[in-house]
Every structure is written in C-alpha cells, then in structure tokens.
Amino acid sequence: MTGDKLIFLAGNRALETIRTQGLAPDDVKVVAGAAGGPKWLILGHLDRVLFGNWFRGRGKPLFLLGSSIGSWRFAADSCMDPVAAIDRMEDAYIHQTYDRKPTPREISEKSLAIIDHALGAAGPVEVLSHPVHRLSLVAVRSRHLLASRHRLPIALGLAAAVTANTLTRRSLRWFFQQTLFSDPRTHPSFSAAGRWPGAGSALSPDNLKQALLASGSIPYVMDGVGEIPDAPPGIYRDGGAVDYHLDIPFGLNGSGIVLYPHFSRRIIPGWLDKYLSWRRPSSAHMADVLVVAPSESFVSSLPNEKITDRKDFYRYAGNDKARFACWHQVANAGKRLADDFMEAVESGSIRRRVKPLDGNAR
Numbered sequence: 047m048t049g050d051k052l053i054f055l056a057g058n059r060a061l062e063t064i065r066t067q068g069l070a071p072d073d074v075k076v077v078a079g080a081a082g083g084p085k086w087l088i089l090g091h092l093d094r095v096l097f098g099n100w101f102r103g104r105g106k107p108l109f110l111l112g113s114s115i116g117s118w119r120f121a122a123d124s125c126m127d128p129v130a131a132i133d134r135m136e137d138a139y140i141h142q143t144y145d146r147k148p149t150p151r152e153i154s155e156k157s158l159a160i161i162d163h164a165l166g167a168a169g170p171v172e173v174l175s176h177p178v179h180r181l182s183l184v185a186v187r188s189r190h191l192l193a194s195r196h197r198l199p200i201a202l203g204l205a206a207a208v209t210a211n212t213l214t215r216r217s218l219r220w221f222f223q224q225t226l227f228s229d230p231r232t233h234p235s236f237s238a239a240g241r242w243p244g245a246g247s248a249l250s251p252d253n254l255k256q257a258l259l260a261s262g263s264i265p266y267v268m269d270g271v272g273e274i275p276d277a278p279p280g281i282y283r284d285g286g287a288v289d290y291h292l293d294i295p296f297g298l299n300g301s302g303i304v305l306y307p308h309f310s311r312r313i314i315p316g317w318l319d320k321y322l323s324w325r326r327p328s329s330a331h332m333a334d335v336l337v338v339a340p341s342e343s344f345v346s347s348l349p350n351e352k353i354t355d356r357k358d359f360y361r362y363a364g365n366d367k368a369r370f371a372c373w374h375q376v377a378n379a380g381k382r383l384a385d386d387f388m389e390a391v392e393s394g395s396i397r398r399r400v401k402p403l404d405g406n407a408r
C-alpha cells in the first residue's frame, strides 16, 4: 500500500516464519542496532513502543547488539524507564552544539555528556541488572597508525584502510581489531569464538559509559578511548568502522528472529563501504533477520526529504536553532513509524507486507 510508513524486509528463514505466523514479541531473540549518527532520531519512537510496550512482560532473555549509536540507543532502552531515558537522550542529542571547528576532544566530551544525560548515575547498574535485556556492543581496537593519538598518523592510517578495503574487507584486520563488549550474565548466540578477533570484554557498571563512548568514537573526528576498565589495553574506536550495519552471523539458525529497526533498506557491511555499491551483506548472515525501515514515500515527506544525518551540521552551520527545529520535526515524525509497526503486528498485516531481503544481500 502506498500509504505504508514502514517496509518489512526479511531473510529467507525469517520470511517463511513471518508469512506463516506473523510476528510476536517472543519470536524475537535478538534486536540489532546500526551505526549512523543522527539517523537514529527517526527510530526513537519505534524504540519507545518496542521497549516501553511491546516487549514488556517478556520472560526470556532478549539480546541487544548495537554498533556506535545503536549501542547508545540500546543502553537507554535497557534503563528502568526506557521511555524517559530515550526522551533524555533525544533531547541531549538534538541540542548538541559545537564551535565552528570543533576539536576531537570537544566532540568526545560532548558525546560523553549525552551518554551521561541519557543514563544518569544509576543507568549503568540498571542496564546490567535488567531482568531480560542482555546488552552487547561492538567497538574496534585500533592497530598500527590508527592507534596513534595524533591526527596525521590517523589520517594516513584511514587513507590506507580505505584503499585496502576497496580491494577486500578482509584487509581491515590490519587496521582494526573487532571487539565485543557483552553483559556477562548470558552468552549471546553471536559471540561465537573466532568471530571477534579482539578479546571479548565483560560490561560492568564501571566500564559501560566508556565502552559506549568507544563504540561511537568516529576515527579522526573524535578521540579514541583508552584505559577502559576490564578491557585489554589499547585505543578503542567506533565499532561501525568494521561492523557499520552488522553483517555478522547471528547464530540463531532458525530458532528465532533478529529484529532490526533500521533507517534504510540498505545494509552496508562497513563504514568504509558506504560508497561501494557492490558491497552487500551475506544472505546466510541475514537469514533470520527482519529489517523494519522507513518507506521511500515516508522519507520524502520529511524536512529536506531525507532522514537527519551528520551533514546537517554543515547545512545549518551558524543556525543551530533551525537544526534543532528540523531534528525535532523528524524525531516527532517517527511516531508514525511506531504506530504503523504496532498496526502491522497486531492486525497480522505484517504477514502480507513482509518482502524478501534477498535483493539487498549476496
């Protein structure tokens, strides 16, 4: 239907399940959250309805896997009052302001302030004692030139990574070591040995905020994060550098659904793949995945006919109030996505609306 606000795209096993029986909260075993900076604002109301309503009353563990801003969302979603935490995160995120030419330190300090505002003092304990949620987040431990604290070596390292990645994603291991930070209470299906070359690290109330900051610390733009308690020594940066949209084996093998609220129909494996149209996720990795994303007609109805992104800082340079207004409008429009999701799952129309994800995978 042309009036649909959302599209539903599923891998082969998820497609068969949803077309047969629809989608219920207990069908979902994993929720995935991509990197993407300000793009997350369109998903705020969907998060509110999922974690403040739809998953309420659940008894089985729900594994949340986030990269960069996806990890921030899921930390807020795992607070005692997830709706209030998302409210705080959205408010702080929208109203961030910077000098005309901000330094990496300034951006890092203000990013940590957003995390602090969203979670508050009690947040880390609430997140890691949640009765159902089990949070995991991805970061990378920097290698060689990218392990520097100075911008010139980082720039040279990034240039080399871009060139090498164009040839093969496997080359990224020479620049970044993927690391999984996880709630230690229950091992997630996606934590299989060998998938995460960096030594896995347990999340704790003492390291959660630093791990979240590391997961979102864009190379060159922000400072790397070092001396994370209980983590191997090193300089940690944005998990999206390698796992931008989480093209990973989730390990469910047909035992459940990976619900993936996303801001795009395209799954881009790594941050450096954004302009490489031939880079697509593995069909095997996506077999149990259900992508829930805004439709093209919905996006065209938004200010500037697009979802909020980092380019808005330049578009509205010198006019923060106009950016605030635009971002508020987009965030509020996300309520229509939340309403459409609930209608689709409660009425069962998701069985008809879900389409194959195969065109977006290889």
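Reading the sequence shown from the start, the letters are residues 47 to 408 in the working numbering.
Every residue gets a Cβ at the ideal spot worked out from N, C-alpha and C, and that includes glycine.
Checking the sheet assignment: what are the DSSP bridge partners for residue i?
{"i": "D183", "result": "In the sequence under discussion, the amino acid at residue 183 is Leu, which differs from the Asp named in the question. Beta-bridge pairing links L183 to G112 and F227."}
{"i": "D334", "result": "In DSSP, D334 forms no bridge with anything."}
{"i": "F359", "result": "F359 pairs with nothing; no bridge assigned."}
{"i": "K401", "result": "L55"}
{"i": "L305", "result": "V77 and L336"}
{"i": "D284", "result": "A185"}
{"i": "F101", "result": "F101 pairs with nothing; no bridge assigned."}
{"i": "V171", "result": "V171 pairs with nothing; no bridge assigned."}
{"i": "A248", "result": "S228"}
{"i": "F222", "result": "S188"}
{"i": "V271", "result": "Y282"}
Suppose you measure from the CA of residue i to the CA of residue j; what does that come to, to the nearest Å?
{"i": "H176", "j": "K255", "result": "16 angstroms"}
{"i": "R65", "j": "E152", "result": "48 angstroms"}
{"i": "S395", "j": "T63", "result": "14 angstroms"}
{"i": "A339", "j": "S310", "result": "6 angstroms"}
{"i": "F120", "j": "R241", "result": "22 angstroms"}
{"i": "L92", "j": "R197", "result": "37 angstroms"}
{"i": "F97", "j": "D123", "result": "6 angstroms"}
{"i": "L202", "j": "V129", "result": "42 angstroms"}
{"i": "S346", "j": "P279", "result": "46 angstroms"}
{"i": "K85", "j": "L165", "result": "20 angstroms"}
{"i": "D145", "j": "Y360", "result": "12 angstroms"}
{"i": "A238", "j": "E389", "result": "36 angstroms"}
{"i": "H233", "j": "R187", "result": "21 angstroms"}
{"i": "F221", "j": "R397", "result": "43 angstroms"}
{"i": "D385", "j": "P327", "result": "29 angstroms"}
{"i": "A277", "j": "G262", "result": "17 angstroms"}
{"i": "G297", "j": "D229", "result": "17 angstroms"}
{"i": "I88", "j": "W324", "result": "26 angstroms"}
{"i": "A167", "j": "R382", "result": "32 angstroms"}
{"i": "P71", "j": "G300", "result": "16 angstroms"}
In or out: residue i buried (at least 16 other Cβ within 10 Å) or exposed?
{"i": "M47", "result": "Residue confidence for M47 is low, a pLDDT of 42 falling below 50, so the modelled location carries little weight; the figure read from the coordinates is stated next. Burial call: exposed."}
{"i": "K352", "result": "exposed"}
{"i": "V208", "result": "exposed"}
{"i": "E172", "result": "buried"}
{"i": "Q67", "result": "exposed"}
{"i": "Y290", "result": "buried"}
{"i": "K357", "result": "exposed"}
{"i": "P275", "result": "exposed"}
{"i": "D319", "result": "buried"}
{"i": "G285", "result": "buried"}
{"i": "K147", "result": "exposed"}
{"i": "T411", "result": "A question about residue 411 goes unanswered here, because the residues of the chain that appear run from 47 up to 408."}
{"i": "G49", "result": "exposed"}
{"i": "S343", "result": "exposed"}
{"i": "R283", "result": "buried"}
{"i": "A287", "result": "buried"}
{"i": "N253", "result": "buried"}
CB-CB under 8 angstroms to residue i, same chain, minus the five flanking residues each way: which ones, in chain order?
{"i": "G302", "result": "D73, V74, K75, V76 and D334"}
{"i": "T178", "result": "It is Val, not Thr, that sits at residue 178 in the sequence shown. Closer than 8 angstroms at Cβ, skipping near neighbours: F101, R104, G105, K106, P107 and L108."}
{"i": "Q375", "result": "L348 and P349"}
{"i": "F370", "result": "I140 and H141"}
If I measure Cβ to Cβ from residue i and keep anything under 6 angstroms in the same chain, skipping five residues before and after, which residues do I get?
{"i": "K401", "result": "L55"}
{"i": "A78", "result": "L111, L292, V304 and Y306"}
{"i": "L191", "result": "P199, L202 and G203"}
{"i": "A413", "result": "Because the chain spans 47 through 408 in this model, residue 413 falls outside it and cannot be assessed."}
{"i": "G169", "result": "C125"}
{"i": "A368", "result": "Y362"}
{"i": "G90", "result": "I132, E136, A377 and G380"}
{"i": "A193", "result": "I281"}
On the premise that residue j lies in contact with residue i, defined as a C-beta separation below 8 angstroms, what is that separation, rounded to the nearest angstrom?
{"i": "W373", "j": "I140", "result": "5 angstroms"}
{"i": "S157", "j": "L249", "result": "Not a contact, Cβ separation roughly 18 angstroms."}
{"i": "D269", "j": "S154", "result": "4 angstroms"}
{"i": "D355", "j": "G83", "result": "7 angstroms"}
{"i": "R94", "j": "I132", "result": "6 angstroms"}
{"i": "F236", "j": "I314", "result": "Wrong, their Cβ atoms sit about 18 angstroms apart, outside the cutoff."}
{"i": "R189", "j": "Q223", "result": "6 angstroms"}
{"i": "I53", "j": "S393", "result": "Their Cβ separation, rounded to whole angstroms, is 17 angstroms, which puts I53 and S393 out of contact at 8 angstroms."}
Got a sec? Which residues, its chain only, sit under 7 angstroms from residue i by beta carbon, not counting five neighbours each side?
{"i": "F227", "result": "S182, L183, A185, S247, L249 and A257"}
{"i": "L403", "result": "L55, A56, G57, M332, V335 and V337"}
{"i": "I160", "result": "M135, A138, Y139 and Q142"}
{"i": "A80", "result": "S113, G116, Y290, H291, L292 and H308"}
{"i": "R61", "result": "Here residue 61 is Leu; the residue named in the question, Arg, does not match the sequence. The residues are V400 and P402."}
{"i": "P265", "result": "L192, I200, L204, R283, D284 and A287"}
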